[in-house]
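Below is one structure, written out as structure tokens; comments come after it.
Chains as they are written, first to last, in my numbering: chain A, 1 to 319; chain B, 1 to 319; chain C, 1 to 319; chain D, 1 to 319.
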């Protein structure tokens, strides 16, 4: 839900990003070792996929990273969602495999997928679009009973997953927090796992539409930037939560700030001097309601939605 | 939710309609007096609006009408949603007034509007479209407190209504019954009233897009035709429910059956003979998955959505 | 363009259909031999595809069939557009093959595809949807020259087809006949062939979304039913025209009339008596602005658009 | 057509903007008098509308401004398209009046409106959206003859304008330049005037969705930046052309460059030094396919389309 997180952001000049990896890389740039944080990397030649796993192990790591303890997996590729059908199939399968890895040993029988975001705002419509392509099975399994999916899909399935899905909309559309709607549905339908899909804001344009982040910590919008929207996680929902996100926008302010900072660093300015410069720029105020997004976002977001649906279908139904 | 109700309907030749008024008129044709059922009619010259109120008073009435006890109000006009801006404003205000009448003395402070149906199926998209145009206030009233709406709307409001809204989708999209989703949200947000908006199936094409039905009995899809989809009403939701519906389709089977019956009656055939004829027609099987809808439905449904939103806004915010 | 053809149709009770095959079958029912008309049929086990070719050879045939001389090919299957990905691929390839057959020996170098119909009216949006998925090459071939497509597609192509495409809209949207717009574009860009794609009206519901008709006679809306919309064909456009159409609606009047007629015939009534009955039915007037369409049309029309695009891409680019 | 103009722009650091006013203001900043260029300004208290007229009088002015000779009118307001219904009505009427002023004495009887841009790319969909709301009259006036509009609109009209409209799509969709399609249609239907509506790229974010530019010079995409897309004007179309444009995006590169330049100027750097800094920034390459757009663009573009339609309807039909 892009709108929600962006309120009041212009004022702050701290490092802000929804991606744990970006946060980790920031430290890497400064050659700082981060205690309590583990980073693993893997590269798959087929599909040119880079898989990074950031594990925040303890409180110290969480504080440094300004993110809750847990596992954060990113799957990246330059053409993750734009490399044609075969490439997208590969990407979908890899995302599905990482999703399975995050699920761990738990046997998921009842899965609720929540597609967050606003269907009417193009770069924020990822969640609702993913919902459109899922294999919805809960009502069928409940009506036709055990064995139905195996017969339908003609496959040796481990479990007959009852998949349900909902696009709860954003607060401006519903007057309710997504958390409230999901809490009600969870209490009513008692899923074993909630998978939350959402569009994210990234820090750098290179990440846009090229990165998927999966985490077992849920979604914690605005943590550390003073935004008190409540987190959607195991604690608040009362059931395990995995969050899957794709960065689709960069704040215009962020991109301008970053470019300037880079320029000033090259010129040998100190951090303090840079801060003074940046804070003085009046013009940025108007940029506050702007975002930067790829020119082809309308088309790409649809492909993204389809690929992530396939990842979910692959993970839970082996199709 | 048009899809749900239509399963298995072809087999039955009973009178089936979502409109209490159509049911009542059926008896009127046969000059039968219906005990336990009261019918009142009113005509407004301005806007050429016909307002009919059917009250089902007791069990006997409910059995005869095959509908639960309660009040059913219809607002009708030949150009209810297609008479231009001024006419639609009139229609919206009248629907709003009837909605207020149904609410009665209860002071509504927390209202949840549920837009049922499938946004992706044109004649079934009424509910979601209505949601798009409502004045959503719950999050604002809760954030900015008492008096916020009065200041914002610059009006002497009786209550500061906290309006929230949701489009729960249909079972094929979510794997859950709308009832399950709404139950969860109701438990979580505790509204004083749930207003359910839905597209209906009518019995005659003259009703299409020209009639609105409001009822305090909730929505009872498939009652009496063996469809066991659970009702959305005070009993099932645990909070008062008003349902607002507009017929947007007629089953193709219904329209053919009706036309034939009329023809055969004119020719003096008996009810039994007619039944025999009708049951013999093989070709109708393929019609089962078809519906009849106005050629201009794509455009009309949008106007309808806007007018009904205005009715709700008028009823609760006097705008 | 469904709207245009339907004006004034209710008055006439002649046999009206956009499909030559339906016209031909009508005679077949009556065991009448039609001079000047040849019918060939073929069945492909793979994909369960029935391919029928009606050739209207001379003036006598044209008069009997109420259609211009030329070749009419239909490709039919119960699940032509709804049998899943593999089935649709097969269907697309077969339609592509038949399209190639109609093109004959002529070497097409410059192809203009015109997607007729109204994008905003679901069952009439086929033409515009097909356009969305075509491989548009004209600007690329002209910019990057001979050999570009071979390199891009990595294929031994016979010709480097310059494909251009346009969705001219309907008269209510543009104030112009599609013919006027196409004439201008043809004069300006001089294509070797115009392929016109359009949604059609069928006579029987079994045809809906299960049949594709291809013809080298162009499109002749309303011919024989007094509708003077001008034909889009070789004569009017000044360049060869192939029309590809899929029936997506049946007029509500047609379906009622047909069902009744069938009933009355079974009862032994004469044609004259039947005519008298039918003409007397007042109620049908209101049905005049209604159409019958499958409940799943919103979804099916998208699949249809994609499959027909693939057929065109397969025919001209062997992909 | 936003896509087309943006190719190859990143390389150049010249001042580039579709708005004559922005170009003029640039000189104003430098206190340079521009020969051959006249600037007039007007302010309307009602609606807070600022109307600026830039007239490029001769070759010298054209060279300085890098725009063809002619009149450029901008209508600006902070809430031009977002101030609610009444404000938008005022804005529409003012734009309509300025459009009338540009038309001058010529009596327009046949008007063709061309909505350029890509309906599927949100900030580029302005042209097609405007088309959707116009009063299309050409086919009606031609069918029902002189006096039809006066009767229909119940108004003393000066002329019965035959308004036709087309959304020709962008080259990636059609394989043809908009100019080619329009030339064909103009030749076929012989309008007295072509009104071209398009989304523009601005230089500063303050202009986004707050400015309308009207000009009698047509549209000259990429002039001066080496983009050889052909102009749509009187010369190329063979009939007078008025272009109406609204800036909806700023190139991400532009916004970063501008912010940096401003910063460096404040620091006292020379133009040469600034140029060296800017050219060195590698990271901007990836920004090349990005644009900056308001967060609410999906909603705003629809309001914009409606307001501009109203302006056109007001100008030509006095409604």
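Note that CB positions come from ideal geometry on N, CA and C, so glycine has one too.
Shorter than 8 Å from the beta carbon of residue 339 (chain B) to some beta carbon of chain C? It is not possible to answer for residue 339 (chain B), since the shown part of chain B is limited to 1 through 319.
Is residue 95 (chain C) buried or exposed, if buried means 16 or more other CB atoms sit within 10 Å of its CB? Locating residue 95 (chain C) in the third chain gives position 95, where the first residue counts as 1. Per the 10 Å Cβ criterion, buried.
Among D:102, D:25, D:86 and D:93, which has the Cα closest to the Cα of residue 65 (chain D)? What you label residue 65 (chain D) is simply residue 65 of the fourth chain in a count that begins at 1. Out of D:102, D:25, D:86 and D:93, D:25 has the C-alpha closest to the C-alpha of residue 65 (chain D).
Can you pull the chain A neighbours of residue 52 (chain D), defined as C-beta to C-beta under 8 Å? Indexing the fourth chain from 1 puts residue 52 (chain D) at position 52. The contacting residues do not exist; residue 52 (chain D) stays about 20 Å from chain A at best.
Can you tell me whether residue 267 (chain C) is buried or exposed, with buried defined as 16 or more other CB within 10 angstroms of its CB? If you number the third chain from 1, residue 267 (chain C) lands on position 267. With fewer than 16 Cβ atoms within 10 Å of its Cβ, residue 267 (chain C) is classed as exposed.
For residue 202 (chain C), does the three-state DSSP call read helix, strand or coil? Working through the third chain from its first residue, we reach residue 202 (chain C) at position 202. Here residue 202 (chain C) sits in strand by DSSP.
Could you check whether the Cβ of residue 167 (chain B) sits closer than 7 Å to any heavy atom belonging to the ligand GDP? This structure does not include the ligand GDP; it has no bound ligands of any sort.
Could you give the distance in angstroms between the alpha-carbon of residue 147 (chain C) and the alpha-carbon of residue 318 (chain C)? Numbered from its first residue, the third chain carries residue 147 (chain C) at position 147. Numbered from its first residue, the third chain carries residue 318 (chain C) at position 318. Rounded to whole angstroms, residue 147 (chain C) to residue 318 (chain C) spans 15 Å at the Cα level.
Whole-angstrom distance between residue 150 (chain A) and residue 197 (chain B), CA atom to CA atom: Residue numbering aside, residue 197 (chain B) sits at position 197 when the second chain is read from its first letter. Residue numbering aside, residue 150 (chain A) sits at position 150 when the first chain is read from its first letter. The alpha-carbon atoms of residue 197 (chain B) and residue 150 (chain A) are separated by roughly 37 Å.
Look at the alpha carbon of residue 110 (chain B) and the alpha carbon of residue 55 (chain A), and state the distance between them as a whole number of angstroms. Sequence index remark: in the second chain, residue 110 (chain B) carries index 110 (1-based). Sequence index remark: in the first chain, residue 55 (chain A) carries index 55 (1-based). The straight-line gap from Cα to Cα measures roughly 43 Å.
Rounding to the nearest angstrom, what Cα-Cα distance links residue 248 (chain B) and residue 67 (chain C) in this structure? The residue you call residue 248 (chain B) lines up with position 248 of the second chain. The residue you call residue 67 (chain C) lines up with position 67 of the third chain. Going from the Cα of residue 248 (chain B) to the Cα of residue 67 (chain C) covers about 36 Å.
Cβ-based contacts, 7 Å cut-off: residues of the segment 172 to 192 of chain C near chain D: 172, 173, 174, 175, 176, 180, 181, 183, 184, 185, 187, 188 and 189
If you scan the segment 57 to 145 of chain C from start to end, which runs of the alpha helix (DSSP H) of 4 or more residues do you find wholly inside it? 59 to 65, 84 to 103, 126 to 132 and 138 to 144
Is it right to say residue 142 (chain C) is buried, meaning 16 or more other beta carbons lie within 10 angstroms of its own, or is it exposed? Within the third chain, residue 142 (chain C) is the residue found at index 142, counting from 1. It is exposed - the Cβ of residue 142 (chain C) has fewer than 16 other Cβ atoms within 10 Å.
Of all the options A:313, A:307 and A:293, which has the alpha carbon lying nearest to the alpha carbon of residue 122 (chain A)? Indexing the first chain from 1 puts residue 122 (chain A) at position 122. Closest option to residue 122 (chain A), Cα to Cα, is A:293.
For residue 307 (chain C), which option in C:81, C:71 and C:144 has the closest C-alpha, if you only look at C-alpha atoms? Position 307 of the third chain, counted from the start, is the residue given in the question as residue 307 (chain C). Answer by Cα proximity: C:81.
Helix, strand or coil at residue 304 (chain B) [DSSP, three-state]: As a first step, residue 304 (chain B) must be located in the second chain, where it is residue number 304. DSSP places residue 304 (chain B) in helix when its eight states are reduced to three.
Cβ-based neighbour list, residue 88 (chain D), same chain, cut-off 7 Å, excluding 5 preceding and 5 following: One-based indexing of the fourth chain puts residue 88 (chain D) at position 88. 81, 303 and 307.
Taking the Cβ atom as the reference point for each residue, do residue 113 (chain C) and residue 312 (chain C) lie within a distance shorter than 8 Å? What you label residue 113 (chain C) is simply residue 113 of the third chain in a count that begins at 1. What you label residue 312 (chain C) is simply residue 312 of the third chain in a count that begins at 1. Yes. Within cutoff.
Let me confirm a value: residue 154 (chain B) is counted as buried when at least 16 other C-beta atoms fall within 10 Å, else exposed. Which label applies? Translated into the one-based positions of the second chain, residue 154 (chain B) becomes position 154. Per the 10 Å Cβ criterion, exposed.
For residue 3 (chain B), would you say it is in contact with chain A, using Cβ-to-Cβ distances shorter than 8 Å as the test? As a first step, residue 3 (chain B) must be located in the second chain, where it is residue number 3. With a pLDDT of only 44 at residue 3 (chain B), under 50, the local geometry of the prediction cannot be trusted, and the value read off the model is given with reservation. By this cut-off, residue 3 (chain B) is not an interface position.
Beta-carbon spacing of residue 137 (chain A), residue 102 (chain A) below 8 Å: Position 137 of the first chain holds residue 137 (chain A). Position 102 of the first chain holds residue 102 (chain A). Contact flag unset, no.
Find out if the Cβ-Cβ distance for the pair residue 125 (chain B), residue 301 (chain B) is shorter than 8 Å. Mapped onto the second chain, residue 125 (chain B) falls at position 125. Mapped onto the second chain, residue 301 (chain B) falls at position 301. Yes, these two residues count as a Cβ contact at 8 Å.
Nearest by alpha-carbon distance to residue 246 (chain B): which of B:215, B:211 and B:85 is it? Within the second chain, the letter at position 246 stands for residue 246 (chain B). Of B:215, B:211 and B:85, the residue nearest in Cα terms is B:211.
Could you check whether residue 98 (chain C) and residue 195 (chain C) sit closer than 8 Å to each other, using their CB atoms as the reference points? Taking the first residue of the third chain as position 1, residue 195 (chain C) is located at position 195. Taking the first residue of the third chain as position 1, residue 98 (chain C) is located at position 98. No, they are not a contact pair.
So, is residue 276 (chain D) buried or exposed, given that buried needs 16 or more other C-beta atoms within 10 angstroms? What you label residue 276 (chain D) is simply residue 276 of the fourth chain in a count that begins at 1. Its Cβ having fewer than 16 others within 10 Å, residue 276 (chain D) is exposed.
Scan the segment 253 to 278 of chain C for residues whose Cβ lies nearer than 7 Å to a Cβ of chain B and list them as they occur along the chain. 255, 256, 259, 260, 262, 263 and 277
Roughly how many whole angstroms lie between the Cα atoms of residue 310 (chain D) and residue 167 (chain D)? Mapped onto the fourth chain, residue 310 (chain D) falls at position 310. Mapped onto the fourth chain, residue 167 (chain D) falls at position 167. Computed Cα separation, rounded: 17 Å.
Against chain A: residues of the segment 107 to 125 of chain D by CB proximity under 8 Å: 120, 121 and 122
The beta strand (DSSP E) with residue 242 (chain D) in it runs from where to where? Within the fourth chain, residue 242 (chain D) is the residue found at index 242, counting from 1. Looking at the DSSP string, the run of the beta strand (DSSP E) that includes residue 242 (chain D) is 241 to 251.
Delimiting residues of the alpha helix (DSSP H) encompassing residue 162 (chain D): For this step, residue 162 (chain D) is matched to residue 162 along the fourth chain. Residue 162 (chain D) -> not in any alpha helix (DSSP H); beta strand (DSSP E) instead, spanning 162 to 166.
Quick one: list the residues of chain C neighbouring residue 307 (chain D), beta-carbon separation under 7 Å, in chain order. Residue 307 (chain D) sits at position 307 when you count from the first residue of the fourth chain. Residues of chain C passing the Cβ test: none, with the nearest at roughly 19 Å.
Answer yes or no: does any C-beta atom of chain A fall closer than 8 Å to that of residue 295 (chain D)? Translated into the one-based positions of the fourth chain, residue 295 (chain D) becomes position 295. Chain A contact via Cβ: present.
Is residue 37 (chain A) helix, strand or coil when you go by DSSP? The sequence position of residue 37 (chain A) within the first chain is 37, counting from 1. Residue 37 (chain A): strand per DSSP, three-state reduction.
Can you tell me whether DSSP reads residue 267 (chain C) as helix, strand or coil? Indexing the third chain from 1 puts residue 267 (chain C) at position 267. Reduced to three states, the DSSP call for residue 267 (chain C) is coil.
Taking the alpha-carbon of residue 48 (chain C) as reference, which of C:19, C:83 and C:17 has the nearest alpha-carbon? Reading the third chain from its first residue, position 48 is the one you call residue 48 (chain C). For residue 48 (chain C), the nearest C-alpha among the options comes from C:83.
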